[in-house]
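Enquirer: So that you can map any letter, position 322 of the sequence shown is 328 in our numbering, and since no number is skipped, the others follow by simple counting.
A virtual CB, placed ideally from N, CA and C, is assigned to each residue, including glycine.
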Amino acid sequence: MATVSLKSINKWFGSSQVLNDISLEIKDKEFVVFVGPSGCGKTTLLRIIAGLEEATSGDIEIDGEEVSSAHPIERGISMVFQSYALYPHLNVFENIAFPLRVAKMPKEELEKQVMRAAETLRLTDRLQHKPGQLSGGQRQRVAIGRSIVRHPKVFLFDEPLSNLDAALRGEMRVELAKLHKSLDATMIYVTHDQVEAMTMADRIMVLSEGKLEQFGTPMDLYHRPKSKFVAGFIGHPKMNFISTTCLSTDSFGLTVELPVIGKQLLPVESPNANRDEEIELGVRPEDFILSETGKGLPFKVEVLERLGGSTLVYGTLDKYPNFCAMLQGDADVHEGELVNLDVNPANFHVFDSKGIAMMRREVPEILE
Ligand SMILES: Nc1ncnc2c1ncn2[C@@H]1O[C@H](COP(=O)(O)OP(=O)(O)O)[C@@H](O)[C@H]1O
Ligand SMILES: [Mg+2]
């Protein structure tokens with residue numbers, strides 16, 4: 007059992023606050039990802055959980071036990087960093103064995119532990135190699151091996167894949183997901199890459215400027231982002247935004263004026279805007295379809311990226327530049343052309359003037 011509970015964590019470095027009242031309950035065996043742009047406080051929060059940094063205020067419990075003032079070693083936690091921090095003069099076996107040697111584990115048991123970790127991480131045929139003779143992915147696996155042998159209650163990872171090339175990152179994502187299943191351990195993983203967060207996490211915490219924006223499952227964040235920040239951060243290619251004004255609201259939702267389409271009712275629960283108030287609409291690229299009636303949103307096609315299974319179309323929607331639509335298959339569109347795009351009204355995300363999302367009506371048959 008290893009739950010992690012954060013209660014109102016605040017952190018100041020001098021006069022700047024880098025973590026603002028973070029509270030979070032992580033379940034036993036959960037894979038939780040902290041995601042957010044560079045500098046938003048992810049590493050600081052991870053180091054506070056590990057005991058390498060002290061919170062200015064707030065409490066941390068691991069397994070129901072208050073550990074805020076406990077030494078890192080007493081917390082039963084192991085941390086893997088972006089820089090692998092391997093000993094260059096030691097071979098793979100000794101690098102993995104290092105924490106066990108420090109703990110003076112008997113030779114036979116030590117060998118068993120190292121061999122088991124090496125097998126899990128497919129390093130058995132590399133045990134005699136020095137780090138300098140390994141690829142980036144193998145080095146990162148050795149660093150993970152060194153943390154596995156300690157059987158920590160909680161694994162902490164700080165951007166462990168950032169130094170790897172794209173193909174290897176994809177492979178290591180799958181490896182880490184498998185590792186999480188086979189070790190049955192609680193894991194907290196920090197990244198600035200929303201694809202890593204979406205593909206690996208049971209639940210994701212989105213951080214922005216030291217504040218918790220939203221904590222939920224990947225699909226929660228994708229379908230029901232609570233703020234414009236989360237909506238724009240989660241999903242690839244990114245959500246497009248249109249600023250407009252609210253024409254009216256009623257119990258069905260909120261009405262806006264859209265180019266060519268005219269008045270459009272957007273189905274949101276208890277619309278939080280007054281008449282003539284500025285609001286923002288968000289549309290995911292994958293929610294556009296080519297209009298068959300010619301009455302959809304006017305879109306000037308500028309650049310095409312044909313991926314085979316889908317076509318990414320970049321251009322200007324009415325007066326909004328830098329829009330992206332993702333059309334199915336090898337779509338019948340051409341550079342320089344003016345096309346019309348349809349969006350199911352239920353697929354619009356609506357944000358009030360402060361960037362807070364209005365809850366969309368759940369229309370299961372429309373929202374899939
Ligand atoms: N030891 C420190 N002293 C002063 N400021 C720091 C220190 N460590 C981090 N910071 C600042 O705290 C903020 C959050 O940093 P960090 O947690 O490393 O962000 P992230 O990991 O999300 O990129 C940044 O503005 C960073 O400059
Ligand atoms: Mg960091």
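Considering only the beta carbon of each residue, do K48 and H198 sit closer than 9 Å?
Expert: Their beta carbons are under 9 Å apart, which means K48 touches H198 by this criterion.
Enquirer: Report, in whole angstroms, the separation of the C-beta atoms of L271 and G288, which I expect to be a contact under 8 Å.
Expert: Rounded, the Cβ-Cβ distance is 17 Å, inconsistent with contact.
Enquirer: Assuming R281 contacts C252 under a Cβ cut-off of 8 Å, what Cβ separation, rounded to an integer in Å, is found between them?
Expert: Confirmed, about 6 Å.
Enquirer: If you check the beta carbons only, do L167 and Q146 fall under 9 Å apart?
Expert: Yes, they are a contact pair.
Enquirer: Do A191 and A8 have their beta-carbon atoms positioned less than 9 Å apart in this structure?
Expert: In contact: A8 and A191 (Cβ atoms closer than 9 Å).
Enquirer: For Q334, count neighbouring Cβ atoms within 10 angstroms of its own Cβ and tell me buried if that reaches 16, exposed if not.
Expert: Its Cβ having fewer than 16 others within 10 Å, Q334 is exposed.
Enquirer: From the DSSP output, read off the bridge partner residues of N16.
Expert: Paired residues: S63.
Enquirer: What's the call for R152, buried or exposed, on a 16-neighbour Cβ count within 10 Å?
Expert: With 16 or more other Cβ atoms within 10 Å, it is buried.
Enquirer: Thinking just about the alpha-carbon of each residue, which of Y320, P43, L127, E100 is nearest to the one in L116?
Expert: The candidate whose alpha carbon is nearest that of L116 is E100.
Enquirer: For Q139, is the classification buried or exposed, using 16 other Cβ atoms within 10 angstroms of its Cβ as the cut-off for buried?
Expert: Answer is exposed; the Cβ neighbour count stays below 16.
Enquirer: Please state whether DSSP places E2 in a helix, a strand or coil.
Expert: The requested residue 2 does not occur in the structure, where the chain is confined to residues 7 to 374.
Enquirer: How would you label E311, buried or exposed, when you count the other beta carbons within 10 angstroms and need 16 or more for buried?
Expert: Exposed is the call here.
Enquirer: Is the distance from the Cβ of N375 to the Cβ of D293 below 9 Å?
Expert: Since the first residue shown for the chain is 7 and the last is 374, residue 375 is missing from the structure and cannot be characterised.
Enquirer: How long is the line joining the alpha carbons of I194 and D324, rounded to whole angstroms?
Expert: The straight-line gap from Cα to Cα measures roughly 43 Å.
Enquirer: Beta-carbon within less than 6 Å of K159's beta-carbon, same chain only, minus the 5 sequence neighbours each way: which residues are those?
Expert: Once the five neighbours on either side are set aside, the close Cβ partners of K159 are A8, G82.
Enquirer: Could you tell me which of A203, L58, F37, L106 sits nearest to I154, measuring between CA atoms?
Expert: Answer by Cα proximity: L106.
Enquirer: Would you call the CB atoms of D208 and V38 closer than 9 Å?
Expert: A contact, by the Cβ cut-off of 9 Å.
Enquirer: With respect to 8 Å, is the separation between the Cβ of F19 and the closest non-hydrogen atom of ligand 1 below this value?
Expert: Yes, the beta carbon of F19 sits closer than 8 Å to at least one heavy atom of ligand 1.
Enquirer: Using 9 Å as the threshold, is the C-beta distance between D348 and G314 below it?
Expert: No.
Enquirer: Rounded to whole angstroms, what's the CA-CA distance from Q88 to L264? Just pull it up for me.
Expert: The straight-line gap from Cα to Cα measures roughly 46 Å.
Enquirer: Rounded to a whole number of angstroms, what is the C-alpha to C-alpha distance between K184 and Y326?
Expert: K184 and Y326: Cα-Cα distance of roughly 43 Å.
Enquirer: Tell me whether R366 is buried or exposed, calling it buried when 16 or more other Cβ atoms sit within 10 Å of its Cβ.
Expert: Under this definition R366 is a buried residue.
Enquirer: Would you call H355 buried or exposed, if buried means 16 or more other Cβ atoms sit within 10 Å of its Cβ?
Expert: Classification for H355: buried.
Enquirer: Straight-line CA distance for E114 to L218?
Expert: C-alpha separation (whole angstroms): 46 Å.
Enquirer: Does the beta carbon of S249 come closer than 9 Å to any beta carbon on chain C?
Expert: Considering every chain present, this structure includes no chain C. It has just one protein chain.
Enquirer: Locate the beta strand (DSSP E) running through N346, then write down its first and last residues.
Expert: First-last of the beta strand (DSSP E) with N346: 344-349.
Enquirer: Among all the DSSP beta bridges, which residues are the ones paired with D164?
Expert: The partner list for D164 (beta bridge, DSSP) reads V196.
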